[in-house]
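What follows is a set of notes on a single structure, which appears directly below.
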Amino acid sequence: MKIKQYRTQFIKELSPFYDAYEAESFFYLILEEKHKLRQIDLALNHELTFEENDFVIWDELVRQLKKEVPIQYLLGKTNFYGLDFEVNENVLIPRPETEELVEWIINENSNPDKSKKIKILDIGTGSGCIAISLAKNLPNAAVFGIDVSKKAIETAKRNAVKNNVDVTFVLLDILETEELRCNFDIIVSNPPYVRNLEKEEIKKNVLDYEPHLALFVEDNDALIFYRKIASLAQKRLFEKGKLYFEINQYLGKEMIELLENMDFKNVELRKDIYDNDRMIKGNI
Ligand code: GLN
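Position in the sequence shown counted from 1, then plus 15, gives you this note's numbering.
In structure tokens:
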């Protein structure tokens with residue numbers, strides 16, 4: 016069958032679940048990953064065809080997509096901040112909002128003086144996307160990442176190798192940690208922050224397939240991770256050291272209060288591209 020013809024069929028078959036634009040983007044992601052063909056190749060050669068056995072792969076992927084399994088898990092990879100990351104059901108799929116947090120940190124902390132070393136800690140690193148993209152873009156930084164999930168740490172370690180950076184990943188439950196072992200210039204975290212009461216807003220592809228451990232917190236203690244991390248940071252940030260968080264969009268005000276009450280200075284709340292309060296920073 017001509018690939019172009021199959022594209023139409025693919026989009027139609029997924030139409031009850033995804034709009035044509037999204038289905039088409041899946042089509043090209045799969046085409047590139049499984050057949051090493053890009054959109055331009057298809058545009059330039061209308062005669063490209065699939066063989067009978069190619070459909071073994073495509074049929075299975077369509078079956079999974081109909082169940083709303085995220086395409087990133089099906090392909091086992093995604094792009095974050097221009098880098099390729101392995102993702103699987105043990106780690107959250109990196110979000111564009113988190114790229115904005117990384118961008119903020121890189122912009123504020125790039126130092127042309129390469130001899131000035133800094134130390135960064137990423138808490139709840141998951142796939143390692145924050146830690147690795149910082150290591151890649153801040154060459155004078157020694158970067159550490161911790162996570163409570165062994166499988167996440169293993170994934171993050173593979174991602175560091177894949178991206179050719181040196182990041183130290185350690186298995187650690189932050190809620191059970193009484194003190195960090197050394198001082199840092201930057202501590203960053205995108206901890207679980209979705210309240211159970213917000214579950215209704217969460218799409219099926221997230222709710223059914225992404226790790227709840229990385230997403231949800233109790234309604235009555237939604238800032239548990241932030242309080243804990245901020246208090247550890249208070250003791251372990253160097254002078255003028257900075258703390259950056261990705262946050263729940265509904266809790267911007269509460270987060271400002273939390274940091275100011277803990278004596279963090281220059282507290283700054285920022286919105287993401289969707290105009291939601293999404294990240295915050297303070298220094299000691
Ligand atoms: N932004 C993610 C979502 O909306 C949540 C990430 C998190 O809990 N840290 O699904």
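Built from N, CA and C at the ideal position, the CB exists for glycine as well. A quick note: this is a predicted structure, and the numbers were derived from the prediction, not measured.
Around the beta carbon of Ile288, fewer than 16 other beta carbons sit within 10 angstroms, so the residue counts as exposed. Taken through DSSP and simplified to helix, strand or coil, Ile202 comes out as strand.
Distance from the CA atom of Tyr224 to the CA atom of Asn178, rounded to whole angstroms, is 25 Å. With a 10 Å radius around the Cβ and a threshold of 16 neighbouring Cβ atoms, Asn205 comes out buried.
Distance from the CA atom of Lys49 to the CA atom of Gln24, rounded to whole angstroms, is 18 Å.
When secondary structure is reduced to three states using DSSP, Gly91 falls in the coil class, being assigned neither helix nor strand.
Inside the stretch 250-285, DSSP marks whole beta strand (DSSP E) runs of 3 or more residues at positions 252-261, from first to last along the chain. Taking a contact as a CB-CB distance under 8 Å, the pair Ala237 and Asn263 counts as one, their CB atoms being some 7 Å apart.
C-alpha of Asn94 to C-alpha of Arg251: approximately 32 Å in a straight line. For Lys131, the three-state secondary structure derived from DSSP is coil. Here DSSP, grouped into helix, strand and coil, assigns Arg173 to helix.
Assigned with DSSP and collapsed to three states, Thr23 falls in helix. Here Glu62 carries a coil assignment [DSSP, helix/strand/coil].
In the three-state DSSP reduction, Arg196 falls in the coil class, being neither helix nor strand.
If you check the C-beta of Tyr259 against ligand 1, you find no heavy atom less than 7 Å away. Per the DSSP secondary-structure output, Ile161 pairs in a beta bridge with Ile138 and Val185. In this structure, the CA atom of Ile244 is about 8 Å from the CA atom of Ile189. The three-state reading of DSSP puts Ala237 in coil, since its state is none of H, G, I, E or B. In the three-state scheme derived from DSSP, where H, G and I count as helix and E and B as strand, Asn298 is classed as strand.
Look at the beta carbons and you see the stretch 166-178 not touching the stretch 192-205: under three pairs across the two are nearer than 8 Å. Under the DSSP assignment, Glu101 falls outside any alpha helix (DSSP H), being part of the beta strand (DSSP E) whose first and last residues are Leu98 to Glu101.
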